[in-house]
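In our numbering, the protein residues as written are 2 to 429.
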């Protein structure tokens, strides 16, 4: 049975206590993307913990050099998978980023880009209004490709046009508030439609609803929810992330469901950790823990529920990339592979460095385009080495960034979410 990340809130501990958990063994070095690219100890989890501890103990200042090394962490949490001491590195780097922001140590261009990105992307209407016209113009300028033009990308901190996974509409998409099950009802679930997910990946949301319904699920989309706060949490905006978490919890409490299904790995990992995020809030700690206990990644949920409908062949040779916040943060690796193994005609080839970050990391590719580009090229090279004609992955950032890298390399492989494969196989 696959072991997934716990939903229970961890005891509230001090930031410094968390740093002391690291015994500096170095197991994290081989799995860290930035260390793999640079070989620089300060670009590793162990080195960053040294830096954070030195600042905390007053041995060194939080200067520009320290901020640079800490900011270049992709937040993939591969180090947590490798760590024998159970260091909760993801939470530590989020707190450190909050401290950098509160100290005013983010370089001004980075600080402005973060504010603009978080303000734009975490509101569905703003994201649609901002990105829809840009992508429309890009389809004209880019000879039919679905491209965000360089001007818009540079305003957000990037350097080149970004080739998106799917077309973007200038208006927010609607989702059905209730979808009945096909045949006998096996479960009632709620689904996070999200912010960026519903703008860039509305078709993935709809495929998710269809696949759940086809397998006997009544699917509810609660009113009043939008951004779960994941991007804010990952970028040190913890107070704002807590506000969004409370709104998300309150919205989903209005529906009586057995599970809260999420098709975005980054969102799911944060939602599963609401109990920790709000663990020091007496009014919300228990509610957050109860909410998190219901959160299931769509692959995790369908794998446990079991597919009931016959699947048509999807004749393709594919490879699977482990999204960081699915594999490392949630511990879900085999569930999507087991689901894909049930699709007739689909061959899944192993991918070298499958669990190494592709470089997207939320908004990291805008804030750190050089390192993001290096990791993108590394991922694309590994994908092309498989000979696959399709890439499957379960996170919106990975979908876009891998697709972008392949197109820049002159390759036009399909890049799909696992539910898109199941939806195609169902033919619903």
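Heads up, the beta-carbon is just placed ideally off N, CA and C, and yes, glycines get one too.
Under 8 angstroms between C-beta atoms of residue i and residue j
i: residue 211; j: residue 424; result: yes
i: residue 298; j: residue 327; result: yes
i: residue 427; j: residue 312; result: yes
i: residue 373; j: residue 360; result: yes
i: residue 303; j: residue 258; result: no
i: residue 266; j: residue 319; result: no
i: residue 44; j: residue 73; result: yes
i: residue 333; j: residue 301; result: yes
i: residue 25; j: residue 52; result: no
i: residue 227; j: residue 81; result: no
i: residue 119; j: residue 128; result: no
i: residue 130; j: residue 104; result: no
i: residue 271; j: residue 229; result: yes
i: residue 385; j: residue 34; result: no
i: residue 421; j: residue 239; result: no
i: residue 98; j: residue 216; result: no
i: residue 93; j: residue 20; result: yes
i: residue 337; j: residue 321; result: yes
i: residue 289; j: residue 275; result: yes
i: residue 28; j: residue 110; result: no
i: residue 380; j: residue 406; result: yes
i: residue 37; j: residue 357; result: yes
i: residue 273; j: residue 331; result: yes
Residue i to residue j span [Cα, whole Å]
i: residue 410; j: residue 347; result: 25 angstroms
i: residue 296; j: residue 83; result: 24 angstroms
i: residue 58; j: residue 46; result: 18 angstroms
i: residue 474; j: residue 403; result: The chain is shown only over 2 to 429; residue 474 falls outside these bounds and no answer can be derived.
i: residue 418; j: residue 61; result: 45 angstroms
i: residue 396; j: residue 269; result: 10 angstroms
i: residue 16; j: residue 353; result: 35 angstroms
i: residue 416; j: residue 408; result: 11 angstroms
i: residue 234; j: residue 89; result: 14 angstroms
i: residue 293; j: residue 87; result: 21 angstroms
i: residue 151; j: residue 367; result: Unreliable placement is indicated for residue 151, whose pLDDT of 45 sits below 50; no coordinate value is reported for it.
i: residue 193; j: residue 91; result: 23 angstroms
i: residue 342; j: residue 263; result: 21 angstroms
i: residue 199; j: residue 174; result: 7 angstroms
i: residue 197; j: residue 371; result: 23 angstroms
i: residue 241; j: residue 116; result: 12 angstroms
i: residue 431; j: residue 114; result: No information on residue 431 is available, as it lies outside the stretch 2 to 429 that the chain covers here.
i: residue 335; j: residue 393; result: 13 angstroms
i: residue 209; j: residue 253; result: 18 angstroms
i: residue 40; j: residue 112; result: 27 angstroms
i: residue 179; j: residue 48; result: 49 angstroms
i: residue 195; j: residue 18; result: 34 angstroms
Local conformation of residue i per DSSP, three classes
i: residue 123; result: coil
i: residue 422; result: helix
i: residue 259; result: coil
i: residue 218; result: strand
i: residue 271; result: helix
i: residue 296; result: strand
i: residue 415; result: strand
i: residue 24; result: coil
i: residue 187; result: coil
i: residue 180; result: strand
i: residue 319; result: strand
i: residue 333; result: coil
i: residue 314; result: coil
i: residue 1; result: The structure shown has nothing for residue 1, since the chain only spans 2 to 429.
i: residue 309; result: coil
Best match in the options for proximity to residue i [C-alpha to C-alpha]
i: residue 77; options: 413, 379, 394, 365; result: 365
i: residue 184; options: 219, 190, 203; result: 219
i: residue 291; options: 40, 104, 247; result: 247
i: residue 382; options: 367, 204, 414; result: 414
i: residue 214; options: 385, 251, 231, 181; result: 181
i: residue 224; options: 187, 177, 66, 339; result: 177
i: residue 188; options: 196, 309, 280; result: 309
i: residue 245; options: 305, 254, 231, 255; result: 231
i: residue 412; options: 202, 34, 378; result: 378
i: residue 190; options: 369, 314, 20, 306; result: 306
i: residue 205; options: 401, 406, 50; result: 401
i: residue 286; options: 65, 203, 250, 316; result: 250
i: residue 323; options: 316, 36, 355, 314; result: 355
i: residue 67; options: 243, 38, 394, 100; result: 100
i: residue 316; options: 243, 282, 280, 391; result: 391
i: residue 23; options: 203, 50, 314; result: 50
i: residue 65; options: 54, 369, 106; result: 106
Below-8 angstroms beta-carbon distance, residue i vs any chain B residue
i: residue 372; result: This model lacks chain B altogether, as it is built from one protein chain only.
Go through the region 77-133 residue by residue and report every complete run of the alpha helix (DSSP H) that reaches 4 residues or more, in order. DSSP runs (the alpha helix (DSSP H)) wholly in the region 77-133: 79-83, 90-103, 109-122.
Going along the chain, which unbroken runs of the alpha helix (DSSP H) with 4 or more residues stay wholly within the region 335-399? Entirely contained in the region 335-399, the alpha helix (DSSP H) runs reaching 4 residues are, in chain order, 335-342, 365-368, 370-387.
Runs of 4 residues minimum, wholly inside the region 189-252: which ones carry the alpha helix (DSSP H) assignment? Within the region 189-252, the complete alpha helix (DSSP H) runs of at least 4 residues are 197-201, 203-215, 231-235.
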